[in-house]
Amino acid sequence: MNEQYEYVPHRLLHRRVRDIASGTEGELMAVVNENVAGNGVERWVRLAYIRDQSGLEFTTAVSNVVSADYIDTLEARLNRRWPPS
Numbered sequence: 144m145n146e147q148y149e150y151v152p153h154r155l156l157h158r159r160v161r162d163i164a165s166g167t168e169g170e171l172m173a174v175v176n177e178n179v180a181g182n183g184v185e186r187w188v189r190l191a192y193i194r195d196q197s198g199l200e201f202t203t204a205v206s207n208v209v210s211a212d213y214i215d216t217l218e219a220r221l222n223r224r225w226p227p228s
């Protein structure tokens, strides 16, 4: 095991994003391919580091990260159609 992590470029870096697993919004600070080895077996996972409004950073799977603008657009469209006529 040479490196424990490596930075990965991502199109949403330093933009407002939402973690769809928790619903928390914040700024995407980094995407890291991280070695979470246990018992000597290498296992690499891609993690997103998000900083919320209070300044705390948390991690989530990169597949859980979506642009907050995209979510805002979807919610606005749903609100226009609700309640159904």
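Letter by letter, the sequence shown follows residues 144 to 228 in this note's numbering.
All C-beta atoms in this analysis are idealised placements derived from N, C-alpha and C, irrespective of residue type, glycine included.
Everything numeric in this text was worked out from a predicted model, so none of it was measured.
Residues in the same chain with beta-carbon distance under 8 Å from residue i, minus the five sequence neighbours each way, listed in chain order, please.
i: V174; result: Y150, V151, P152, H153, L156, R189, L190, A191, Y192, V205
i: D195; result: T167, E168, G169, F201
So, at 7 Å on beta carbons, what are the nonlocal neighbours of residue i in its own chain, with the 5 sequence-adjacent residues on each side left out?
i: D162; result: I193, T203, N207, V208
i: A164; result: T203, N207
Which class does residue i belong to by DSSP, given the choice of helix, strand or coil?
i: V179; result: coil
i: E163; result: First, the residue type needs correcting, since residue 163 is Ile and not Glu in the sequence shown. Three-state result, I163: coil.
i: E149; result: strand
i: L217; result: helix
i: S197; result: coil
i: R189; result: strand
Just tell me which of the options has its CA closest to the CA of residue i.
i: V184; options: A211, M172, Q147; result: Q147
i: M172; options: G181, L199, N182, A164; result: L199
Measure the beta-carbon distance from residue i to residue j and round it to whole angstroms, keeping in mind my assumption that it falls under 8 Å.
i: G169; j: V160; result: 7 Å
i: R158; j: S197; result: About 18 Å; that fails the 8 Å criterion.
Please tell me whether, using a cut-off of 8 Å, the distance from the CB of residue i to the nearest non-hydrogen atom of the ligand FMN is below it.
i: N222; result: Absent from the structure shown: the ligand FMN. Ligands present: none.
Just to confirm my understanding: we take residue i, look at its own chain, exclude 5 residues before and 5 after, and list those with CB closer than 6 Å. What are they?
i: I214; result: R161
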